[in-house]
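Residues in the sequence shown are numbered from 1 upward in steps of one, following the UniProt record's numbering.
All residues carry an ideal CB built from backbone N, CA and C; glycine is no exception.
Note that this is a predicted model, so its numbers are computed, not measured.
For reference, the structure discussed in these notes is given below.
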Amino acid sequence: MGAGVIGLTTAVVLQRAGHHVQVIAAARGEGTTSAVAAALWYPFQANPPDRVNAWSRSSLDELTRIAREHPEAGVDVLTCREAAVDPALPWWAPSAPDLSLEPTPHPLGAPYSFRFTAPRIEPALYLPWLDAQLASPVRVERVVSLDAVEGDVVVNCTGLGARALTGDAELVGVYGQVAITEPGDISLDVALGDERNESALVYIIPRRREIVIGGCAVPSPDDRPLTPDPERTDAMLQRVRAAGLNPGNLLRSRAGLRPYRSAVRLEREGRVIHNYGHGGAGYTLAWGCAAEVSELMRAAPRDGGGATHRT
Numbered sequence: 001m002g003a004g005v006i007g008l009t010t011a012v013v014l015q016r017a018g019h020h021v022q023v024i025a026a027a028r029g030e031g032t033t034s035a036v037a038a039a040l041w042y043p044f045q046a047n048p049p050d051r052v053n054a055w056s057r058s059s060l061d062e063l064t065r066i067a068r069e070h071p072e073a074g075v076d077v078l079t080c081r082e083a084a085v086d087p088a089l090p091w092w093a094p095s096a097p098d099l100s101l102e103p104t105p106h107p108l109g110a111p112y113s114f115r116f117t118a119p120r121i122e123p124a125l126y127l128p129w130l131d132a133q134l135a136s137p138v139r140v141e142r143v144v145s146l147d148a149v150e151g152d153v154v155v156n157c158t159g160l161g162a163r164a165l166t167g168d169a170e171l172v173g174v175y176g177q178v179a180i181t182e183p184g185d186i187s188l189d190v191a192l193g194d195e196r197n198e199s200a201l202v203y204i205i206p207r208r209r210e211i212v213i214g215g216c217a218v219p220s221p222d223d224r225p226l227t228p229d230p231e232r233t234d235a236m237l238q239r240v241r242a243a244g245l246n247p248g249n250l251l252r253s254r255a256g257l258r259p260y261r262s263a264v265r266l267e268r269e270g271r272v273i274h275n276y277g278h279g280g281a282g283y284t285l286a287w288g289c290a291a292e293v294s295e296l297m298r299a300a301p302r303d304g305g306g307a308t309h310r311t
């Protein structure tokens with residue numbers, strides 16, 4: 001269930017493991033939250049730390065392989081520089097093996113800067129690439145009950161939609177907005193990030209022909225309009241220009257709701273496996289979480305009983 005990056009990745013992994021897979025989703029491609037994402041590997045707004053680090057490292061390895069072997073998938077490995085207020089290693093350091101403290105301040109004004117390499121994904125190329133790996137096309141259908149879905153096992157990768165399907169009150173929407181510009185004077189080889197102030201996030205993520213500038217993280221109701229706020233777009237661009245960086249012309253703005261939960265829900269209940277609540281780290285966690293779903297398929301009984309297997 002679900003055709004965002006979590007659902008498609010999970011489907012690909014299960015198909016590779018020999019399962020017959022049918023993806024059912026209310027929307028696909030440009031209609032998903034994953035299509036709006038800046039999509040740089042980075043463990044943002046996801047918990048718990050130990051599991052997130054394991055999932056992130058697994059995804060880092062797979063995305064790096066895809067970048068090397070499948071350039072058509074839209075994945076490239078970039079140098080990344082993350083702002084910091086002190087030299088202590090960040091909580092996600094175990095998942096970034098080449099993370100190092102730089103001897104100079106961060107370009108966005110922080111006193112410290114961490115450098116690492118990470119995959120950047122272009123959703124407009126990557127989501128269709130994942131889709132094309134599937135033996136059966138995605139079936140576009142809005143489902144109101146997981147119990148009504150056919151199949152021996154139902155894998156719930158519906159993101160924010162999981163609240164209506166499960167009644168999970170812990171799941172909340174977190175509004176994000178990005179501005180996409182021409183490169184201007186900004187390098188296409190280096191991504192910059194500064195999350196010291198979560199109410200005024202700054203990130204600059206190059207794609208192959210454009211730049212993604214963000215952002216924000218605002219808890220919001222599900223029915224919040226996803227029409228980008230022009231004032232917020234202007235504020236994001238001004239923060240970047242104030243740092244002495246000069247993006248090119250604004251091409252478009254995008255907005256979406258991240259599916260945030262205090263901890264990613266990855267567990268089995270009877271014939272349903274839940275895999276949602278990845279916050280702002282869907283692309284970062286997708287392959288690692290999909291591998292655990294595959295393990296739950298092997299470990300859990302197929303009799304539809306009430307056994308619950310948690311990770």
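Tell me which residues share the same chain as residue i and place their Cβ nearer than 6 Å to its Cβ, disregarding the 5 neighbours each side in the sequence.
i           : result
residue 273 : 155, 293 and 296
residue 115 : 81, 100 and 102
residue 255 : 177, 226 and 228
residue 40  : 120, 191 and 205
residue 126 : 73 and 74
residue 163 : 171
residue 253 : 179, 228 and 233
Which class does residue i belong to by DSSP, given the choice of helix, strand or coil?
i           : result
residue 296 : helix
residue 80  : strand
residue 31  : helix
residue 126 : helix
residue 23  : coil
residue 309 : At residue 309 the pLDDT is 35, less than 50, meaning the model places this residue with poor confidence and gives no usable figure here.
residue 226 : coil
residue 242 : helix
residue 49  : helix
residue 4   : coil
residue 36  : coil
residue 12  : helix
residue 219 : strand
Spatial neighbours of residue i within its chain, please: C-beta separation below 7 Å, excluding the five flanking residues on both sides.
i           : result
residue 262 : 47 and 170
residue 130 : 8, 9 and 12
residue 309 : Caution is warranted here: a pLDDT of 35 is assigned to residue 309, below 50, making its placement in the model unreliable, and no coordinate value can be reported.
residue 291 : 13 and 58
residue 286 : 5, 6, 9 and 59
residue 56  : 43, 92, 95, 284, 285 and 288
residue 67  : 75, 76, 77 and 119
residue 98  : 116 and 117
So, for residue i: in the same chain, excluding its five sequence neighbours on each side, which residues have a beta-carbon less than 8 Å away from its beta-carbon?
i           : result
residue 219 : 172, 173, 174, 175 and 260
residue 134 : 8, 11, 12, 15, 21 and 23
residue 224 : 173, 175 and 257
residue 189 : 78, 79 and 206
residue 237 : 179, 181, 213, 247 and 250
residue 183 : 206, 209, 210, 211, 247 and 248
residue 221 : 173
residue 145 : 165
Is residue i buried or exposed, if buried means 16 or more other CB atoms sit within 10 Å of its CB?
i           : result
residue 307 : Note on residue 307: pLDDT 40, under 50, position unreliable in the model; the coordinate value appears next. When all chains shown are included, residue 307 counts as exposed.
residue 251 : exposed
residue 120 : buried
residue 232 : buried
residue 86  : exposed
residue 167 : exposed
residue 275 : buried
residue 123 : buried
residue 70  : exposed
residue 18  : exposed
residue 305 : Because the pLDDT at residue 305 is just 43, under 50, the model does not fix this residue reliably, and the point stays unresolved.
residue 30  : exposed
residue 84  : buried
residue 303 : Note that residue 303 has pLDDT 46, beneath the 50 cutoff, so the model's placement of it is unreliable and the number below is only indicative. Exposed is the call here.
residue 148 : exposed
residue 151 : exposed
residue 132 : exposed
residue 62  : buried
residue 199 : exposed
residue 88  : exposed
residue 113 : buried
Touching or not, the region 238-258 and the region 192-209, by the rule of three or more beta carbon pairs under 8 Å? Counting Cβ pairs under 8 Å, three or more are found: they touch.
Whole beta strand (DSSP E) elements within the region 129-209, 3-residue minimum: Whole beta strand (DSSP E) segments, 3+ residues: 154-156, 172-181, 190-194 and 202-206.
Counting pairs of beta carbons, one from the region 200-216 and one from the region 178-190, are three or more of them closer than 8 Å? Counting Cβ pairs under 8 Å, three or more are found: they touch.
For the region 53-123, list the beta strand (DSSP E) runs that are entirely contained and at least 3 residues long, ordered along the chain. For the beta strand (DSSP E) assignment, the uninterrupted runs of no fewer than 3 residues enclosed by the region 53-123 are, from N- to C-terminal side, 75-84 and 112-121.
Touch test, the region 83-101 against the region 34-52, Cβ-Cβ under 8 Å, three pairs minimum: They touch, by the three-pair rule.
Starting from the N-terminal side, write out each stretch of the beta strand (DSSP E) that is 3 residues or longer and does not extend beyond the region 245-297. Within the region 245-297, the beta strand (DSSP E) runs of at least 3 residues that lie entirely inside it are, in chain order, 250-269 and 272-278.
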